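Going by this note's numbering, the letters in the sequence shown line up with residues 1431 to 1592, in that order.
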Amino acid sequence: MKFKLILFVSLLVTSCSYSVYTSGYPHLKTVMILPIENQTSNYDFRDTVFNSIVDSYESDGRLKLVGMSPDCQLECSILDYSNKIVAYSGSSIDEYEVRVLFSVIFSDLKKNQILWQNNSLMQSERYSLSDENSLFKSEVEAQEEITNKLFDSIMKNTLEEW
């Protein structure tokens, strides 16, 4: 009985484990993020997107950020930005929606190929200045969530291959 327990534990410990952080491209170790191109009049959002992506790569840890000789590179453009009223009652505004259209290219520079390209990646999030139950309370909070979703989309479509 003791032998079976030890055998079971040994098999459990040495067996393959499941992880959502699998990499279909083990040769990719470093990434360079090119300056974000902004085709909108919301000029500050470019810096928000860039800083958020940098922070996300640093905290994720799968790819090291470099300025020279990267294994892969990320190109991102902000094509459209809108912040519109989507719900109101009487004379008060209940809810806004921030919508951002991105163009993203993630390239493997070692193999000289584009791993993922999306020229019309739409991310949106709603917020409310007045609703206490709203998940996001400001345009800035909605922007932060949009940039988080952008990074998640990039990772799911590049490094997280099943």
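Note that CB positions come from ideal geometry on N, CA and C, so glycine has one too.
Small disclaimer: the values here were computed from a predicted structure and weren't measured.
What span of residues does the beta strand (DSSP E) with Leu-1504 cover, start to end?
1502 to 1519
Sequence-distant residues of the same chain with beta carbon closer than 6 Å to Ile-1523, five excluded per side
Ile-1515
So what does DSSP say about Met-1585, is it helix, strand or coil?
In the structure shown, Met-1585 sits in a helix (DSSP, three-state: H, G or I).
For Ser-1489, the nearest candidate out of Leu-1464, Phe-1581, Glu-1505 and Val-1570 (CA to CA)
Phe-1581
For the beta strand (DSSP E) that Val-1496 lies in, which residues bound it at each end?
Per DSSP, Val-1496 lies in no beta strand (DSSP E) and is assigned neither H nor E.
Quick one: what's got a C-beta closer than 8 Å to Phe-1475's C-beta in the same chain, skipping five residues either side?
Excluding residues within five positions, the ones whose Cβ falls inside 8 Å are Asn-1468, Ile-1508, Tyr-1511, Val-1530 and Gln-1573.
Please determine, among Lys-1579, Pro-1500 and Val-1534, the residue with the shortest C-alpha to C-alpha distance to His-1457.
For the residues Lys-1579, Pro-1500 and Val-1534, the minimum Cα distance to His-1457 belongs to Pro-1500.
Tyr-1526 - containing beta strand (DSSP E), residue span:
1522 to 1538
Using 10 angstroms around the beta-carbon of Ile-1544, count the other beta-carbons present and answer buried if the total reaches 16, otherwise exposed.
Exposed, because fewer than 16 other Cβ atoms sit within 10 Å of the Cβ of Ile-1544.
Is the Cβ-Cβ distance between Glu-1575 and Tyr-1526 less than 8 Å?
no
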